[in-house]
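A quick write-up on the structure given underneath.
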Amino acid sequence: MKVSVKMETAGRRGKQVSVIRGITHNPQVIEDLEKKLKTQLGTGGTIKGKTIEIQGDHVDRIKKILEKEGYEVR
């Protein structure tokens, strides 16, 4: 599965957020992935629909974690 990971600041009062889009699994799998990312990165985050938002600029670290999980990251 192809997912995209980008850093955004728009609409967040200048705060950096790493956004993961393109996950087509069911909500339980997305929730488990979000918990794993938050634990390994030591930061907060949330799920909005099929999008995971992780606080801070962690794009490179997220890409490595997702590739280990078997995702194709663009």
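Just so it is clear: in the sequence shown, position 40 is 40 by the UniProt record's numbering, and no numbers are missing. The beta-carbon is built from N, C-alpha and C at its ideal position, and this holds for glycine as well. Predicted, not measured: the structure shown is a model, and the values here were computed from it.
Given a cut-off of 8 Å on the beta-carbon distance, is the pair residue i and residue j in contact?
| i | j | result |
| --- | --- | --- |
| G70 | Q55 | no |
| I65 | I30 | no |
| I23 | V5 | no |
Can you tell me whether residue i is helix, strand or coil according to DSSP?
| i | result |
| --- | --- |
| Q16 | coil |
| I23 | coil |
| E31 | helix |
| T9 | coil |
| K68 | helix |
| T43 | coil |
| K48 | strand |
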